[in-house]
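Using the numbering used here, you'd call the opening residue of the sequence shown number 4 and step up by one each time.
A short write-up of the structure that comes next.
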Amino acid sequence: MSIREKNTKERILDEALKLFAQSGYKGTSMNDIADRMGVTKAALYKHYKSKQEILDSIVEKMNQMDQERVKEYDMPEGNMKEVVEGYRSTALDKIKEFTKVQFLHWTQEEFPCCFRKMLTLEQYRDPKMAKLYQNYLSGGPLAYIENVFRGLTEHKEEAKQLALDFYGPIFLLYSIYDGAEDKERMIELVEQHVERFSKQFMDKKEGVADAKRESK
């Protein structure tokens with residue numbers, strides 16, 4: 004594939020995703036995408052055989068972006084056991100930094116932001132979109148964060164509750180970010196929440212450790 008063809012394919016994904024975010028996946032046709040690109044429908048089909056193939060390529064690109072970011076911030080990945088073991092040796096500061104970066108990724112970077120908006124629109128219309136929404140924005144992140152806390156605490160149920168307490172406010176801020184007049188304030192709220200939660204978690208952990216030492 005030539006550089007020019009690769010750039011064209013990437014531009015199609017970018018423009019198609021913008022349309023999906025505005026009108027929904029089902030509300031956007033191949034004609035709409037061709038018009039947005041300023042090309043004929045036949046020219047569009049030279050690069051992608053169907054709207055589904057475009058969507059599949061968008062999801063693949065999102066997966067690649069996620070993997071690159073996880074590696075960049077040296078975060079554990081793999082199955083549940085590997086993630087738990089990884090977090091036993093992961094500094095809390097690294098988790099805090101990654102969480103803040105994730106919020107900016109989903110709200111300020113154009114491609115992920117449009118992907119989030121598309122999934123939010125389509126989750127009630129299409130079971131496949133609902134599953135993607137769960138994987139990327141709700142159940143998936145919550146399960147990952149639960150595994151984080153399994154590596155940092157001794158009790159499974161406590162890890163689940165910690166994950167809910169940690170991710171719940173962040174998920175809410177995702178939901179209200181787009182309609183907020185002061186978007187910088189939303190980012191500040193995420194940062195404040197992460198810092199406050201981390202301090203409370205460490206204070207509690209140190210308190211438990213002190214109590215154990217005193218009981219011996």
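Ideal placement from N, C-alpha and C gives every residue a C-beta, glycine not left out.
A quick note: this is a predicted structure, and the numbers were derived from the prediction, not measured.
The three-state reading of DSSP puts residue 45 in helix, counting H, G and I together. The beta carbons of residue 180 and residue 110 sit about 5 Å from each other, so the pair counts as a contact at 8 Å.
Annotation for residue 136: the continuous alpha helix (DSSP H) segment containing it runs 130-140. Residue 47 sits away from residue 61, with the two beta carbons spaced by 8 Å or more. Counting along the chain, residue 175 sits inside the alpha helix (DSSP H) bounded by residues 159-180. Burial is judged here by how many other beta carbons sit within 10 angstroms of a residue's own beta carbon; residue 150 has at least 16 and is buried.
Around the beta carbon of residue 175, fewer than 16 other beta carbons sit within 10 angstroms, so the residue counts as exposed. If you ignore the 5 residues before and after residue 101, its C-beta comes within less than 7 Å of the C-beta of 76 and 78, all in its own chain and listed in chain order.
Runs of alpha helix (DSSP H) with 4 or more residues, each lying fully within the region 96-134, are found at 113-125, listed in chain order. If you compare the alpha carbons of 26, 163, 69 and 25 with that of residue 138, the shortest gap goes to 69. Non-local C-beta neighbours of residue 148 in its own chain, meaning closer than 7 Å and more than five positions away in sequence, comprise 166, 169 and 170, ordered along the chain. By the 16-neighbour rule on beta-carbons within 10 angstroms, residue 205 is exposed.
Rounded to whole angstroms, the gap between the alpha carbons of residue 117 and residue 53 is 20 Å. Taking the CA atoms as reference points, residue 18 sits about 41 Å from residue 154. Secondary structure at residue 60: helix, using DSSP grouped into helix, strand and coil. Residue environment for residue 162: buried (at least 16 other C-beta atoms within 10 angstroms of its C-beta).
Membership of residue 33 in the alpha helix (DSSP H) is indicated by the continuous run 33-40.
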